[in-house]
Amino acid sequence: MVEFCTKYFVIWQRPELMETAFEADLIVEDYLDGARIDRFLSRHFRNYSTHRLQRIVQAGFAKVNGIPADPLQRVFRGQQISIRLPEPPDKTYDPERLPLEVLYEDAWLIIINKPPGMIAHPAGNILSGTVANALQYYLDQQTCVPSLLRPGIVHRLDQFTSGILIIAKEHLGHRSLSIQFQQNRVSKSYLAIVRDQPEQDAFENSDAIGEHPTQAGVCMTTHPQALRAKAAFTRFEVVERLPGHSLIRAFPKTGRLHQIRVHLAELGFPIIADDFYGNDARLLDDRTLITRQALHAEQIEFAHPVTNLRMKMSAGVPADFDLALQRIRSAWSV
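The sequence shown maps to residues 0 to 333 in numbering that gives the first Met the number 0.
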């Protein structure tokens, strides 16, 4: 969307500059009132390092209300900041043309249905094929300058968990959404295929979750001696009872690492094909149904970061999840 580029950054190409150079006019937002100019600029241009922005200001390429800025200068609400960036960004994800299922998009955010197996950011030995690489390419098609926009992934999904993922295009949206997640004001639901069948159609787990005190391979646990344990609460309901399995809908009220996986496993209903929390003699049987943990982020509801309107988005399950359900259901007829 080219209008994002012009509306929020007022960018135009300058023939006397190198191809990637541009100028921008910005207004200081309320929450950055009193911030040093390099901190203010780093919020808007997240693909530029603070050191790079400091050098650009020192070279005279930034002005506050038309007056050249000092590198140590603070900016205040309502001031107009003009900047010329003669150098390309230095903190970019390598753009990759990868398929993305975009569920929703506007000038401030993108919501995608993340496929299983794709991690959010490059990490460790995985430097490509991530959500961030795909989004960098996608956003580069919408802007005047490649890598102008840095995808701001607001929350996390495990590598092998599929489903809804929210990405902010600019810093105000990222800040607003991050606060909503921190304050547990985002409603989420997940679908999971688990082993066995709960007695009740609705149940919950409110055990605190922390790092396992002895088992390094199992990251998190509700063990009483768990390290750095934090409060956690998940509500569950049975969607469908299946032969030896159940389709469960989970409603996490907090956002602890592996929360749904841990809470279900501790209740005796591990998610099928979960290497960490369902790793026992039945894991090989699970893998004949699906090769990754059968967990899908199905729905999310939150306040739009700019309009404040409530938004509810849903994502259909991927093919492998659906196929696992079909295989389990087929056991009824055997």
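Positions of the beta carbon are idealized from the N, C-alpha and C atoms, including for glycine.
- Counted as a single uninterrupted DSSP element, the beta strand (DSSP E) harbouring residue 194 occupies residues 186-194.
- Beta-bridge partners of residue 67 (DSSP): 62.
- Residue burial annotation: residue 120 is exposed, with fewer than 16 other C-beta atoms found within 10 angstroms of its C-beta.
- Secondary structure note for residue 318: its alpha helix (DSSP H) is the uninterrupted segment 318-328.
- Residue 169 sits in coil when the DSSP states are folded into three classes, being neither helix nor strand.
- Counting along the chain, residue 112 sits inside no alpha helix (DSSP H); it lies in the beta strand (DSSP E) bounded by residues 108-113.
- Going by beta carbons, residue 61 and residue 99 fall outside the 8 Å limit.
- Annotation note: the segment 230-258 contains the following uninterrupted beta strand (DSSP E) runs of length 3 or greater, listed N- to C-terminal: 233-241 and 244-251.
- Assignment of residue 265 by DSSP, reduced to helix, strand and coil, places it in the helix class.
- Going by C-alpha positions, residue 234 is about 6 Å away from residue 249.
- For residue 309, the enclosing beta strand (DSSP E) begins and ends at 309-313.
- Distance from the CA of residue 241 to the CA of residue 204, rounded to the nearest whole angstrom, comes to 22 Å.
- In this model, residue 126 and residue 116 are separated by some 14 Å (Cα to Cα).
- Residue pairing from DSSP places residue 295 in a beta bridge opposite 161 and 190.
- The three-state secondary structure of residue 93, taken from DSSP, is coil.
- Under the DSSP assignment, residue 24 falls outside any alpha helix (DSSP H), being part of the beta strand (DSSP E) whose first and last residues are 21-26.
- By the C-beta criterion, the segment 49-56 is judged to be in contact with the segment 79-97, since at least 3 inter-stretch pairs fall below 8 Å.
- By the beta-carbon neighbour count (other beta carbons within 10 angstroms, threshold 16), residue 110 is buried.
- Straight across, the Cα-Cα distance linking residue 264 with residue 50 is about 46 Å.
- Taken through DSSP and simplified to helix, strand or coil, residue 31 comes out as helix.
- If you look at residue 136, you'll find it isn't in any beta strand (DSSP E); it sits in the alpha helix (DSSP H) that goes 130-139.
- By the C-beta criterion, the segment 265-285 is judged to be in contact with the segment 181-201, since at least 3 inter-stretch pairs fall below 8 Å.
- Exclusion of the five residues before and after residue 207 leaves 221, 225, 228, 229, 230 and 231 as the residues of its chain whose Cβ lies within less than 8 Å of its Cβ.
- For residue 280, DSSP records no beta bridge to any residue.
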